Amino acid sequence: MAEKYALEGSEDLMRDLVSQSPGLAADAAIKHLSSGGKRIRARLALSSASHLGLGEDTAIRIAAASELIHNASLVHDDIQDRSARRRGASTIWDAFGADTAICVGDLMISAAYAAAAGVGSQAPQLIGHIHGRVCEVIQGQCADLEARHRPVETLEEYERIARSKSAPLLALPIDLALIAARRRDGLDQARRAAGAFAAAYQMADDIEDVMADALAGEVNIVAILGGASMNSPEAMQVRKLAARYYDEAGELARRLPKGCGTLMAAYAEAGAGRLAGEKVPA
């Protein structure tokens with residue numbers, strides 16, 4: 264399976280699914296999907312599917328489902344955060360209004376289920392698993408919103424929020440490939456790898472954003488530990504912890520069945536390299 268063409272296939276499928284009922288929401292969804300993004304989750308799905316020996320159509324469908332759910336979460340997050348810009352362009356709510364943006368996110372969630380519905384006999388299991396991961400993300404997002412109105416005082420609570428917000432949808436593409444390949448024995452380890460990766464990524468992001476987050480009232484681990492800048496001793500402590508979690512994510516991912524976590528391990532290695540100041544691909 265050539266990843267380039269499979270990635271293009273997942274893009275085509277996403278556009279086809281959100282365009283089934285033409286109108287404002289479909290147009291806005293296409294605008295969002297066309298605005299860029301690294302398609303990390305689609306790439307994880309395609310790589311995992313290839314290692315597990317899945318067919319191209321199945322791989323494309325789980326890649327599209329994973330990306331659609333992720334992008335729906337971005338559209339809804341932007342409404343809650345009142346973010347006006349994403350990927351160098353206006354966010355959907357800023358360009359079309361919050362009401363339309365809610366519909367766009369809902370449309371992409373529905374399209375994700377439609378993508379998974381085409382995966383033969385494993386479709387019911389895939390759809391049920393997507394629902395479970397979406398529930399976890401919603402719980403994490405609610406915890407994050409609640410934390411904006413009260414102080415987060417411990418590393419443990421910070422990590423719980425960071426992992427619950429990001430890990431479920433980061434694990435999802437590998438999860439779906441494992442389920443389609445009838446290898447559910449790898450699901451717990453995929454979730455653990457994604458959890459460590461999510462914690463590391465959020466910590467690395469917080470180091471860069473510590474001053475901006477302080478002004479915006481956002482939860483930031485450097486500030487929780489008492490630091491006020493990216494060069495503070497607390498930031499160095501966070502950097503070491505993030506590097507440890509990237510290493511943990513990579514080790515867990517490398518032990519997934521049939522090498523299906525190879526790409527996640529590579530992403531973890533790249534993240535650790537950026538923390539260390541090495542020149543690695545973005």
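Residue numbers (my numbering): 264 to 545. Quick reminder that beta carbons are idealized off the backbone N, C-alpha and C, glycines included. Owing to the predicted nature of the structure, the values given are computational and were not obtained by experimental measurement.
- Item | DSSP state of residue 413 mapped onto helix, strand, coil | coil
- Task: Quick one: grab the DSSP three-state call for residue 352.
- Result: strand
- Taking residue 439 and residue 328 to be in contact with their CB atoms under 8 Å, please state how far apart those CB atoms are, rounded to whole angstroms. 7 Å
- Message: Please identify the residue among 272, 291, 481, 341 whose C-alpha is closest to the C-alpha of residue 414.
- Response: 481
- Alpha-carbon spacing of residue 517 relative to residue 447, whole angstroms: 16 Å
- Task: Mind checking which residues open and close the alpha helix (DSSP H) that includes residue 468?
- Result: 450 to 479
- Given residue 310, which residues of its chain have a CB within under 6 Å of its CB, disregarding the five upstream and five downstream residues? 526
- Enumerate in chain order the residues of its own chain whose CB-to-CB distance from residue 474 is below 8 Å, with the five nearest sequence positions on each side excluded. 491, 492, 493
- Query: If we count Cβ pairs, one from each stretch, closer than 8 Å, do we get three or more for the segment 362 to 369 versus the segment 378 to 392?
  - Reply: no
- By how many angstroms is the C-alpha of residue 354 removed from the C-alpha of residue 552? As displayed, the chain neither begins before 264 nor continues past 545, which places residue 552 out of reach and without an answer.
- Query: Quick one: is residue 268 buried, meaning 16 or more other Cβ sit within 10 Å of its Cβ, or exposed?
  - Reply: exposed
- Query: Under a three-way DSSP split, which group does residue 536 fall into?
  - Reply: helix
- Query: Around the C-beta of residue 463, are 16 or more other C-beta atoms found within 10 angstroms, so that it is buried, or is it exposed?
  - Reply: buried
- Does DSSP put residue 545 in a helix, in a strand, or in coil? With a pLDDT of 45 at residue 545, under the threshold of 50, the modelled position of that residue is not reliable, and no figure is offered here.
- Query: To which residues of the same chain is residue 416 closer than 8 Å at the C-beta, ignoring the five residues directly before and after it?
  - Reply: 487
- Message: So within the segment 299 to 363, which uninterrupted beta strand (DSSP E) runs reach at least 3 residues, ignoring any that extend past its ends?
- Response: none
- Task: Report yes or no: do the segment 449 to 461 and the segment 330 to 344 share at least 3 C-beta pairs separated by less than 8 Å?
- Result: no
- If you check the beta carbons only, do residue 427 and residue 399 fall under 8 Å apart? yes
- Task: Closer than 7 Å by C-beta to residue 404: which residues in its own chain qualify, once you throw out the five before and the five after it? Chain order, please.
- Result: 428
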